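Worksheet for the structure shown next.
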Ligand code: HAX
């Protein structure tokens, strides 16, 4: 058993004892009242999940195991001192709750490089059977399900595995899956947009650097961007749709592939990860309709108002939890100002940032008028020549695997049971409210 699994046992089993104690000895403790409005608006603020990998504060934004994004940029191991943190390190931090050393990061990097070779040929056959114009998220998710043939979980389960050991094959599946996602993502990218001219992984590169390389981008700056991108999109607590869906499906002991696939189906919605490409569609449609390459702030204002009048959302703005500008937006803006100070799309995104929040506020209903992570990520990728918007959500998905799959390992370490909230019909809620039709 490698030292990471050993550490997971040392840390995980005492924590599982605490979870059991909370259930058995404190199970009757009331922790929160739930309001009618919370149920009707998607359970906002209802504490109903146990997640330790990251925590989202409405005002401050995300912290991964207690570390903010600026702190991660400073403290996580990097390849170059002035570069961006390695996602391998964030994975280690989320998994074990400890800041990794360079050796830890190298260990994970090597594990992923080795395990990445294990994609069975049928997975590529399955992708190739899909039309090239099938959305990359369809191809990505189909490939994830096709890789499920490799899962060890079901075999171990049928062989008669002790409940306490569920986390073991889950961890193996998680490590395999994460190692293979960049290869799958790059394969889809090259298949759809570069006539199937594929690029082999470079064993000397890190996980994110290799993704950029296999997509066809070898400049150090793009690799830096990819490392940053993979870090900031990795996790956002447990209640977001991709994390919650992964957790929910995993709660019936579906293997990591089925569980992650469920999360990715959620990420493919326009109110979640698909927003990163919708932002670019919105910007380009605005440019076309206005007939200007660089619309003025006034023109952006008018276009944003029209979008809202038509009953549509402005993609990249708003959030179900955040009530301030997303730090993931700010760190990307910081990166763009450092490396791409004159990029037209970055200027445009900055101008949108200056005018859109006021318009959203003026509706009187939008709870958070500020930009989220998706408001700028596409502009950054586009400015580096990665102009094929449909791949953006796939890239988000590769990163999101780090968080939601770490959560899945912990779900099994904690011994969490099947998730099964209660639903009621409309008459029940009307009675509670004291109203009739
Ligand atoms: N543009 C226009 N209207 C918006 C809006 C936006 N960006 N954000 C919220 N609203 C509207 C809602 O549609 C809702 O309108 P109705 O009452 O008429 O239904 C009202 O404001 C209240 O919504 P809210 O409580 O502020 O927001 P929700 O928690 O319901 O939804 C969303 C949060 C992120 C889904 C929402 O802000 C939105 O649709 N934003 C645009 C899409 C987007 O950027 N999604 C990505 C979010 C980040 C993420 O998960 N990335 O993966």
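Numbering (this note's numbering), first residue to last: 1 to 437.
From the three backbone atoms N, C-alpha and C, an ideal C-beta is built for every residue, glycine too.
Everything numeric in this text was worked out from a predicted model, so none of it was measured.
Identify, in the order they occur along the chain, each residue of the same chain with its Cβ nearer than 6 Å to the Cβ of residue i, setting aside the five sequence neighbours on each side.
i           : result
residue 315 : 275, 278, 279, 282
residue 415 : 16
residue 209 : 223
residue 112 : 179, 207
residue 205 : 213
residue 63  : 55
residue 1   : none
residue 319 : 368, 372
I'd like to confirm something about residue i: is its beta-carbon nearer than 6 Å to some heavy atom of the ligand HAX, or not?
i           : result
residue 16  : no
residue 418 : no
residue 306 : no
residue 320 : yes
residue 58  : no
residue 275 : yes
residue 157 : no
residue 378 : no
residue 317 : yes
residue 281 : no
residue 117 : no
residue 374 : yes
residue 313 : yes
residue 333 : no
residue 271 : yes
residue 404 : no
residue 394 : no
residue 285 : no
residue 349 : no
residue 35  : no
residue 365 : yes
Measuring CB to CB, does residue i end up less than 7 Å from residue j?
i           : j           : result
residue 327 : residue 83  : no
residue 143 : residue 184 : yes
residue 228 : residue 335 : yes
residue 317 : residue 371 : yes
residue 141 : residue 261 : yes
residue 105 : residue 246 : no
residue 250 : residue 103 : no
residue 409 : residue 171 : yes
residue 390 : residue 135 : yes
residue 146 : residue 174 : no
residue 233 : residue 400 : yes
residue 355 : residue 297 : yes
residue 59  : residue 324 : yes
residue 305 : residue 359 : yes
residue 398 : residue 182 : yes
residue 237 : residue 56  : yes
residue 65  : residue 97  : yes
residue 312 : residue 376 : no
residue 255 : residue 151 : yes
What does a CB cutoff of less than 7 Å around residue i pick up in its chain, not counting 5 residues either side in sequence?
i           : result
residue 78  : 84, 85, 86
residue 239 : 49
residue 197 : 190
residue 446 : With the chain represented from 1 up to 437, any question about residue 446 goes unanswered, as that position is not in the structure.
residue 211 : 182, 185, 186, 226, 398
Less than 8 Å between C-beta atoms, sequence neighbours within five positions excluded: which residues of the same chain meet that for residue i?
i           : result
residue 45  : 38
residue 47  : 31, 32
residue 188 : 127, 136, 139, 140, 143, 391, 394
residue 379 : 279, 280, 283, 336, 343, 345, 346, 348, 349
residue 421 : 48
Looking at the ligand SAM, does it come within less than 6 Å of residue i, judged from the CB to the closest heavy atom?
i           : result
residue 203 : This structure does not include the ligand SAM; its bound ligands are the ligand HAX.
- Within the segment 198-228, note down every full alpha helix (DSSP H) run reaching 4 residues or more, in order along the chain. Counting only runs of 4 or more, we get 207-215.
- Task: Can you check the segment 234-291 for any alpha helix (DSSP H) of at least 4 residues that lies completely inside it and give the ranges in chain order?
- Result: If we require 4 residues or more, the alpha helix (DSSP H) runs fully inside the segment 234-291 come out as 241-250, 256-267, 275-290.
- Which ranges would you report for the beta strand (DSSP E) in the segment 45-114 if only whole runs of at least 3 residues count? Correct list: 54-57, 61-64.
- Message: Report the start-end ranges of each beta strand (DSSP E) in the segment 332-383 that is 3 residues or longer and not cut off at the edges.
- Response: As far as the segment 332-383 is concerned, it has no whole beta strand (DSSP E) run of at least 3 residues.
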